[in-house]
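Written below as structure tokens is the structure these notes are about.
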Amino acid sequence: GNRVQMAKDATKKVIDTLSWTDYATVVTFGSNARAKSSTLEQMDDSTKAALKNWANSNIHSRGGGTHFTNAFNKAFQVFSYSSTSTTSSGSNCEKVILFMTDGASTDYNLATIESEATRLGVRIFSYTLGDGADQTVPKQIACANGGVFQHVPDCGDLGSAMAGYFKVLAAGTS
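Using our numbering, read the sequence shown as starting at 3 and increasing by one per residue.
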């Protein structure tokens, strides 16, 4: 399948699970990481539509590498800015990163990721897409940070896999 389109569709499906009580943004990464916003935004209908449009325009094949460090640094920065922001503090109930990769990275530090996730109170759910994706590190990241790991094959349903994150949260599973 087309992994870029699968990633776009999955992102939109996850956004559809959010309500006005939720705060979110999207971070894309390759060699560099970009976020739609520097803080988490409240997910009303217009913000959800804008986030979907941003994801549709900014999720693409980046080339140049799969740098997990950049992705997590950007996500942790968004959480840090959100906790100090007076305009977008979020509900501060459950903080979750849904991390998806279709590659392998040699650019990561598990101890740093775990330390920052613990400091910020963030759980990390990780997903690998495609038969060539390295599953070892994303699984370690999820397991070390109160999340769940799931591999989705090239012909799988990434959207349903990622949008199912809330079932774990609703069940109170840690």
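Where a beta carbon is used, it is the ideal one built from N, C-alpha and C, also for glycine.
Own chain partners of residue i with C-beta closer than 7 Å, once the 5 adjacent residues on each side are dropped
i: residue 116; result: 146, 147
i: residue 45; result: 20, 21, 22, 24, 25, 26
i: residue 6; result: 61, 62, 63
i: residue 119; result: 126, 147
i: residue 67; result: 32, 33
i: residue 149; result: 125, 126, 127, 128
For residue i, the three-state DSSP class (helix, strand or coil)
i: residue 99; result: strand
i: residue 142; result: helix
i: residue 48; result: helix
i: residue 131; result: strand
i: residue 110; result: coil
i: residue 61; result: coil
i: residue 21; result: coil
i: residue 68; result: coil
i: residue 90; result: Confidence at residue 90 is low in this model, with a pLDDT of 47, below 50, so its placement is unreliable and the value that follows should be read with caution. Coil at residue 90, not helix or strand.
i: residue 4; result: coil
i: residue 104; result: coil
i: residue 136; result: coil
i: residue 75; result: helix
Bridge partners - residue i, DSSP secondary structure assignment
i: residue 43; result: 26
i: residue 126; result: 99
i: residue 154; result: 131
i: residue 36; result: 30
Same chain only: Cβ atoms within 8 Å of residue i, ignoring 5 sequence neighbours per side
i: residue 75; result: 35
i: residue 11; result: 160, 161
i: residue 83; result: 40, 41
i: residue 58; result: 10, 14
Beta carbon of residue i nearer than 8 Å to that of residue j
i: residue 16; j: residue 165; result: yes
i: residue 111; j: residue 138; result: no
i: residue 122; j: residue 102; result: no
i: residue 144; j: residue 126; result: yes
i: residue 69; j: residue 104; result: no
i: residue 129; j: residue 163; result: yes
i: residue 167; j: residue 80; result: no
Contact set for residue i: own chain, Cβ-Cβ below 6 Å, skip 5 residues either direction
i: residue 88; result: Residue confidence for residue 88 is low, a pLDDT of 46 falling below 50, so the modelled location carries little weight; the figure read from the coordinates is stated next. Hits under 6 Å: none found.
i: residue 106; result: 136
i: residue 171; result: 96
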